[in-house]
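Numbering-wise (this note's numbering), the sequence shown opens with residue 5 and increments by one. Glycine residues also receive a C-beta, built at the ideal position from the N, C-alpha and C atoms. All values derive from a computational prediction rather than experimental measurement. Take a look at the structure below.
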Amino acid sequence: MDSDRFVKWITDTSMKLRILHAALCETAIYDSGTKSIGDYTLLYSGLPSVNKTRSVHGVAVLLDKRATNNWKQSSSEWQAITERLIKVRLKCTSMHITFIAVYAPVNPSNKTMADNSEKFYMDLQETMDGISKKDMIVLMGDFNARVSQPQHPTTFRTVGPFTMDAQNENGESLVDFCTTNNL
Numbered sequence: 005m006d007s008d009r010f011v012k013w014i015t016d017t018s019m020k021l022r023i024l025h026a027a028l029c030e031t032a033i034y035d036s037g038t039k040s041i042g043d044y045t046l047l048y049s050g051l052p053s054v055n056k057t058r059s060v061h062g063v064a065v066l067l068d069k070r071a072t073n074n075w076k077q078s079s080s081e082w083q084a085i086t087e088r089l090i091k092v093r094l095k096c097t098s099m100h101i102t103f104i105a106v107y108a109p110v111n112p113s114n115k116t117m118a119d120n121s122e123k124f125y126m127d128l129q130e131t132m133d134g135i136s137k138k139d140m141i142v143l144m145g146d147f148n149a150r151v152s153q154p155q156h157p158t159t160f161r162t163v164g165p166f167t168m169d170a171q172n173e174n175g176e177s178l179v180d181f182c183t184t185n186n187l
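Dropping the structure here:
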């Protein structure tokens with residue numbers, strides 16, 4: 005399915021299910037920008053279109069009509085950080101909400117993949133560090149992670165009851181990230 009048909013399908017599905025906002029991963033959309041699709045707005049971040057020989061990845065945030073209106077009227081902001089990270093900040097009356105949509109690299113099996121994973125978490129941490137402490141943070145997307153029951157007392161607060169039998173390397177990175185950021 006090409007990216008335009010994918011975006012139309014996901015928007016139609018979101019309208020039917022009354023989804024207010026969503027993170028979309030592995031969108032295969034090049035470049036970064038915004039698209040209006042009916043009452044919805046798609047803010048997306050992908051590889052520059054000059055890199056069409058590589059895997060596309062791509063991540064996006066889809067906003068419904070109400071969130072779109074808020075985003076447009078309150079001079080809210082967004083930032084395409086990498087093809088795997090996007091940040092959208094809605095300035096609401098009582099508080100500001102920052103959405104971070106992610107598409108993490110798969111579990112590393114070699115040095116290059118491990119470097120990509122490390123860079124992803126460094127970019128994510130830098131993004132978190134730039135968010136006001138007063139904002140509500142909604143972190144959403146695909147972390148390609150499996151998280152098991154906490155093994156260390158410091159992670160009990162971070163990991164809930166619904167876990168996997170075994171944790172992978174990405175799961176460990178995710179738990180460490182969430183613990184560091186009090187998520």
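{"Check": "Count Cβ pairs between the stretch 168-183 and the stretch 144-154 that sit closer than 8 Å; are there 3 or more?", "Outcome": "yes"}
{"Check": "Among Q171, T184, A170, which one has its Cα closest to the Cα of T162?", "Outcome": "T184"}
{"Check": "In three-state DSSP terms, what is Y34?", "Outcome": "coil"}
{"Check": "Starting from D146, follow its DSSP beta bridges and name the residues at the other end.", "Outcome": "Y107"}
{"Check": "Taking 8 Å as the cut-off, does the stretch 33-43 touch the stretch 8-22 (at least 3 CB pairs, one atom from each stretch)?", "Outcome": "yes"}
{"Check": "Applying the 10 Å Cβ sphere with the 16-neighbour rule, what's the burial state of D119?", "Outcome": "exposed"}
{"Check": "Taking the alpha-carbon positions, what's the F10 to G164 distance?", "Outcome": "33 Å"}
{"Check": "Is E87 closer than 8 Å to G134 when the C-beta atoms are compared?", "Outcome": "no"}
{"Check": "Report the partner residues of R93 according to the DSSP bridge assignment.", "Outcome": "E81, T102"}
{"Check": "Distance check for H100 and A170, CA to CA, integer angstroms please.", "Outcome": "36 Å"}
{"Check": "From the DSSP output, read off the bridge partner residues of Y44.", "Outcome": "I41"}
{"Check": "Please state if the CB of T31 and the CB of A64 are separated by a distance shorter than 8 Å.", "Outcome": "yes"}
{"Check": "F166: buried (16+ other C-beta within 10 angstroms of its C-beta) or exposed?", "Outcome": "exposed"}
{"Check": "Suppose you measure from the CA of A105 to the CA of K115; what does that come to, to the nearest Å?", "Outcome": "25 Å"}
{"Check": "Return the residue from the list E130, T38, Q153 that minimises the CA-CA distance to K76.", "Outcome": "T38"}
{"Check": "Note down the Cα distance separating Q83 from A26, rounded to an integer number of angstroms.", "Outcome": "16 Å"}
{"Check": "Can you tell me which of Y107, Y125, N186, V142 puts its alpha carbon nearest to the alpha carbon of S59?", "Outcome": "Y107"}
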